[in-house]
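Written below as C-alpha cells is the structure these notes are about.
Take a look at the structure:
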C-alpha cells in the first residue's frame, strides 16, 4: 500500500518538475527554436496528463453522486485502479524528467 502511494507522489513530483522547467524556458529567446519546440512537446504531454486527471476527477464525482451518504459502498476508483490508470503517464513523466536533467 505504501509503495502505491509513493508511486502517486512520484507522479506529482515529476509533474511539478516538468511544469517548472517549461515555465522557466518557454519564453527564453536564448533557448532557441529547438528548445522552444521541446517545451511545446513537453507541454503537449502535460495537457494529456490534465485530461487524465479530469477523467479521474469525473469518476470520483460520479461515484460520490450515485452513492448515498449513509451507504458504505466502495468506490469503483480504488488505489490499485488509480495506479493502473496512471502507469503510462508516470512512465512518460519519468522520461521527460530524464530529458530535462540533461
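Residue numbers (the UniProt record's numbering): 1 to 102. Glycine included, every Cβ here is placed at the ideal spot set by N, Cα and C.
Coil, strand or helix - residue i by DSSP
| i | result |
| --- | --- |
| residue 77 | coil |
| residue 96 | helix |
| residue 16 | helix |
Residue i to residue j span [Cα, whole Å]
| i | j | result |
| --- | --- | --- |
| residue 85 | residue 99 | 23 Å |
| residue 60 | residue 38 | 33 Å |
| residue 33 | residue 95 | 21 Å |
| residue 36 | residue 18 | 14 Å |
| residue 2 | residue 52 | 23 Å |
Contact under 8 Å by Cβ, residue i with residue j
| i | j | result |
| --- | --- | --- |
| residue 77 | residue 63 | yes |
| residue 10 | residue 90 | yes |
Burial state of residue i, where buried means 16 or more other Cβ atoms lie within 10 Å
| i | result |
| --- | --- |
| residue 50 | exposed |
| residue 14 | buried |
Any non-hydrogen atom of the ligand COA within 7 Å of residue i CB
| i | result |
| --- | --- |
| residue 61 | No copy of the ligand COA appears in this structure; indeed no ligand is present at all. |
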